[in-house]
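Chemist:
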Amino acid sequence: MSSWRSSPTGRPSRSAPRWYVFALEPRFVHIQIEGEHGFGKPEERAYTHAMEVLSVEPGETWMVGDNLEWEVVAPQRLGIHAIWHDGYGAGLPPDCPIRPDRIIRTLPELLT
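Just so we're on the same page, my numbering is the position in the sequence shown counted from 1, plus 721.
1. Straight-line CA distance for R732 to I754?
2. Between the beta-carbon of V774 and the beta-carbon of H802, is there less than 7 Å?
3. Whole angstroms is fine: what's the gap from P763's alpha carbon to R798's?
4. Give the straight-line distance between the Cα atoms of F760 and R766, rounded to the nearest whole angstrom.
5. Assuming the contact rule is C-beta atoms closer than 8 Å, E800 and G780 should be a hit. Round their C-beta distance to whole Å, please.
6. May I ask which residues mark the beginning and end of the beta strand (DSSP E) holding G786?
7. Could you pull out every residue in the same chain whose Cβ sits closer than 6 Å to the Cβ of D822, ignoring the five residues on either side in sequence?
8. Looking only at its own chain, which residues have a Cβ that is under 7 Å from the Cβ of P688, when we skip the five neighbours before and after it?
9. Taking 8 Å as the limit between beta carbons, can you name the residues of its chain near G810, skipping five residues before and five after?
10. Does H751 come out as helix, strand or coil in the three-state DSSP assignment?
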């Protein structure tokens, strides 16, 4: 995640977290930032730590992202449902052995 911080003008500068800039904090129970924990995707600890904090099991957890290795392969090894966001509509690469549990083009598709 890029780093952003608030500037003296009240406008976000390049060093304030993205979730802060877009006022996302109230929408999440847990925000996990790699630089603050010392571990991140695709390390198993990144996923298991988030599940522990949220008191959820892998079978009731979804990972949504656009990186096939970090947000599909790694979570699936732990039993997490992996949803690949194919925002450009390119589809899986030819001969790709990775099989997401679901493929979406837009985030609102998560609600259907």
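For each residue, glycine too, the CB sits at the ideal point set by N, CA and C. None of these values were measured; they are calculated from a predicted model.
Modeler: Let me spell this out:
1. Per-residue confidence for R732 stands at a pLDDT of 46, beneath the threshold of 50, marking its modelled position as unreliable; the derived number appears in the next sentence. Using only the alpha carbons, I get a separation of about 22 Å.
2. no
3. 11 Å
4. 7 Å
5. Per the sequence shown, the amino acid found at residue 800 is Gly instead of Glu. Between G780 and G800 the Cβ distance is about 6 Å, and since that is below 8 Å, they are a contact.
6. 783-786
7. H802, A803
8. The requested residue 688 does not occur in the structure, where the chain is confined to residues 722 to 833.
9. R826
10. coil
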